[in-house]
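Notes follow the structure.
Numbering (the working numbering), first residue to last: 38 to 226.
Take a look at the structure:
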């Protein structure tokens with residue numbers, strides 16, 4: 038039979054993990070809504086490519102936070118965090134402002150889910166590129182914005198670099214935090 042002390046410790050760990058993914062999802066949302074880089078990217082990166090900001094900054098906007106949740110809290114928590122980030126984004130506006138077709142936001146959920154699954158499988162370096170490819174395919178299929186072959190090639194390279202940087206940053210921050218005994222005990226890692 039489990040002791041009361043152990044049961045209360047499990048409850049605190051579960052609460053800490055829940056609060057962690059809520060805070061990380063909200064932090065990602067704040068970064069997403071605070072970075073106003075579209076005009077800067079239009080002038081400095083003149084590629085015919087929609088959603089350039091994701092390719093360039095997706096590692097910091099999404100991947101870092103999802104990886105951090107996964108590495109701090111354990112398997113499955115990265116996926117939960119990704120879906121929370123998507124929910125926060127979609128609660129405030131349609132996916133990239135696209136309202137026709139009305140279900141276009143499903144691509145947002147799919148891209149977050151795919152990125153999180155890659156992170157869960159320790160393929161985080163490719164997660165931002167996958168995220169971008171889903172959105173670029175959606176933009177091309179629905180005629181939202183043109184995607185040139187050159188833009189796609191350069192965009193994939195940039196997205197891989199950004200995703201890799203965000204993934205490595207998440208791993209490094211999680212490892213540093215888990216070296217602290219109180220944090221390690223809180224997350225029971």
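Each residue gets a CB set at the ideal place from its N, CA and C atoms; glycine is no exception.
What alpha helix (DSSP H) runs, 4 residues minimum, are completely inside the stretch 91 to 120? 101 to 110
Any contact between the stretch 202 to 212 and the stretch 101 to 113? By contact I mean 3 or more CB pairs, one from each, below 8 Å. Yes, the stretch 202 to 212 is in contact with the stretch 101 to 113.
Beta carbon of residue 173 nearer than 9 Å to that of residue 87: yes
Can you give me the Cβ contacts of residue 115 inside the same chain, cut-off strictly under 7 Å, excluding the 5 residues immediately before and after it? Cβ neighbours of residue 115 beyond the five flanking positions: 103, 104, 106, 107, 153, 156 and 157.
Chain D contact for residue 155 (CB, 9 Å cutoff): The displayed structure is made up of one protein chain only, and chain D is not part of it.
Measure how close the beta-carbons of residue 72 and residue 98 come, nearest whole angstrom, since I'm counting them as under 8 Å. With a Cβ gap of about 7 Å, residue 72 and residue 98 count as contacting.
Given a cut-off of 9 Å, decide if residue 113 and residue 203 are closer than it, judged by their beta-carbon atoms. no
Endpoints, alpha helix (DSSP H) assigned at residue 203: 186 to 215
Measuring CB to CB, does residue 197 end up less than 9 Å from residue 162? One thing to note: residue 197 has its Cβ within 9 Å of the Cβ of residue 162.
Going by C-alpha distance, which of 67, 133 and 49 is nearest residue 182? 133
Beta-carbon proximity of residue 56 to residue 188, cut-off 9 Å: no
Pull up the distance between the alpha-carbon of residue 225 and that of residue 53, whole angstroms please. 10 Å
With a CB to CB cut of under 6 Å and the five nearest residues on each side skipped, what residues in its chain are close to residue 38? Only weak support exists for where residue 38 lies, its pLDDT of 46 falling under 50; the value from the coordinates is given anyway. Here the set comprises nothing.
Pick from 160, 180 and 166 that is closest to residue 92, judged by C-alpha positions: 166
Report yes if the C-beta distance between residue 70 and residue 223 is below 9 Å; otherwise report no. At a Cβ-Cβ threshold of 9 Å, residue 70 and residue 223 do not count as neighbours.
Coarse secondary structure for residue 220, derived from DSSP in three states: helix
For residue 169 versus residue 145, is the C-beta spacing smaller than 9 Å? no
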